[in-house]
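One structure below.
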Amino acid sequence: MKIIDRVAKVYSLGSVKHLQALHNGKTSAAWQVETMNDRYIVKTIQSQKQAVFEFAVSNAVRQKSLELTPEILLSTACQPFVVIEGQTYQVQAFLSGTERPPSLRETLKSYRQMRQVLDQFDYSFSPPDSMPLAVLWRAHREALSEKKPVLFHQIAAMVPELKRIDQSRDAWIHGDLGKWNLLVTNSGQVVVIDFGEARLGPKLLDFAALFQGFMPKNKQDLTAYLNDFLALSGIQITDRHLFLMTVQLWLVKGLLIVINEQASLAGVFQNAIELVSSLV
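Quick note: the sequence shown uses the numbering used here, first residue 7, plus one each step.
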C-alpha cells in the first residue's frame, strides 16, 4: 500500500481510498486504485524502456481513436512511468467495462482500426517474444508426450512450420489478444487493453487469437465460422493456410503453457487444435 501511495503522489492522483489487486498478467502485476479524485490502474513494468514503448504504441492507437484503448498517464515529471525502490510502475486511466460479452463483428471492427495504426507504426525497439515456441517446445514436449501421446505426434509434425511462423517479424502486433484483454463499454465499443506483449511478430497472430476466442465448439459450425471470420477480418483467401497455421501456433503455445498445471484447460486447447486441423 505504501508503494502505491508513493506512485499516486508522483502522478498527483490524490489520496488512495481503496486498493484492489488484479489478476497478474504474464509479465506484470496490477492494481485497481481508487483515490479521492478517480479510479486508475497501476501496473508493474519490466523496464523503463518497456514502459516508454508501451506508451508509444498505445498513444499511436489513441491518435486513431480515443475509444480503442485506455490512456497511459504521464507522471508529474512528464514520464510514462515512475521507478520506486528499483521497480518500474505505469499508471493507466481506469475504464469500466460492462458484463456484455464482445461480439465478433464489433471486436474485429475495433481491431482492424488498430491494425491500420500498427501497420504504420515505426519504432526503433521491439521487445522479444516472452514465450517463443522453440523454448516452450523444448521445455514441455516430454510432458506432452507422456500425457497426450497421440496429440504429441500430431503437433510434432507441425512444429517446423509453426516455428517458422513464430520467428517471423513482419508486423507490429498486440501479442496477447485473448478475450481477457477486451472490454465492452456502455456504448458498445470494444476496447483493447494491455500492450505488455506488443512486439514485432507474425502478422496474423492477433487475428489468430481472436479466432480462437470466438471459435464454435462444434465441428459442423466451423467452416461457416471460418468464412465469416475471413470476410470480417479482411484476410485474403490466399492467406487461408497461413492464417490457420497461425491459429495452430497460438493454440499449441497455449497448450504447452498449461500442460503441466491445468489439465482441464489443456483439454480445451486440444479440442481446438483438433478442430482447426480439420480445416487445414
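Don't be surprised by glycine CBs; every beta carbon is placed ideally from N, CA and C.
- When the alpha-carbon of Asp245 is set against those of Ala83, Asn224, Glu267, Lys209, the nearest one is in Lys209.
- For Gln122, the closest of Gln242, Thr191, Val67, Tyr95 by C-alpha to C-alpha distance is Val67.
- In the DSSP assignment, Ile161 falls within the unbroken alpha helix (DSSP H) covering 155-172.
- Linking Gly20 to Ala204 through their CA atoms gives a straight-line distance of about 30 Å.
- Boundaries of the beta strand (DSSP E) harbouring Ala27: 22-27, taken from the DSSP string.
- Annotation: the continuous beta strand (DSSP E) that includes Trp37 extends over 36-41.
- With fewer than 16 neighbouring CB atoms inside 10 Å of its own CB, Ser109 falls in the exposed class.
- Residue pairing from DSSP leaves Gly260 without any beta-bridge partner.
- Annotation for Ala214: Thr252, Val253, Trp256 place their beta carbon closer than 6 Å to its own, counting only its chain and skipping 5 residues before and after.
- Around the beta carbon of Met221, a 10 Å sphere encloses 16 or more other beta carbons of the protein chains shown; the residue is thus reported as buried.
- Note on the region 113-162: whole alpha helix (DSSP H) runs with a minimum of 4 residues are 139-153, in chain order.
- In this structure, DSSP gives Ile78 an extended state, which the three-state scheme calls strand.
- Across the structure, Ile47 and Glu77 are spaced so that their CA atoms are roughly 10 Å apart.
- Note: Leu206 is bridge-paired with Trp178 in the DSSP secondary-structure output.
- Contact check for Ile51 and Gln119: beta-carbon distance about 25 Å, past the 8 Å limit, so the pair fails to qualify.
- In the displayed model, Thr252 falls within a helix according to three-state DSSP.
- With a cutoff of 8 Å on beta-carbon distance, Gln54 and Phe87 are scored as near each other.
- Check the Cα spacing between Ser81 and each of Gly240, Leu139, Lys15, Gly103: the tightest is with Lys15.
- As DSSP reads the structure, Ile90 sits in a beta bridge with Gln93.
- Shown here for Glu60: same chain residues with a beta carbon closer than 8 Å to its own, the five before and five after excluded, namely Ile51, Ile78, Pro86, Gln96, Phe201, Gly202, Ala204 in chain order.
- Within a 10 Å sphere around the beta-carbon of Pro133 sit 16 or more other beta-carbons, which makes this residue buried.
- In the DSSP assignment, Tyr231 is bridged to no other residue.
- The Cβ neighbour count for Gln26, taken over all protein chains shown within 10 Å, is under 16; the residue is labelled exposed.
- According to DSSP, Gln98 shares a beta bridge with Ile47, Ile78.
- Leu189: member of the beta strand (DSSP E) spanning 188-190, first to last residue.
- Taking the Cα of Val197 as reference, the smallest distance to any Cα among Lys8, Lys259, Ser174, Glu73 is reached at Glu73.
- In this chain, the alpha helix (DSSP H) harbouring Val67 covers 54-70.
- Around the CB of Trp186, fewer than 16 other CB atoms lie within 10 Å, so the residue is classed as exposed.
- In the structure shown, Val286 falls within a coil segment according to DSSP collapsed to helix, strand and coil.
- Buried is the label assigned to His180, since at least 16 other Cβ atoms lie within 10 Å of its Cβ.
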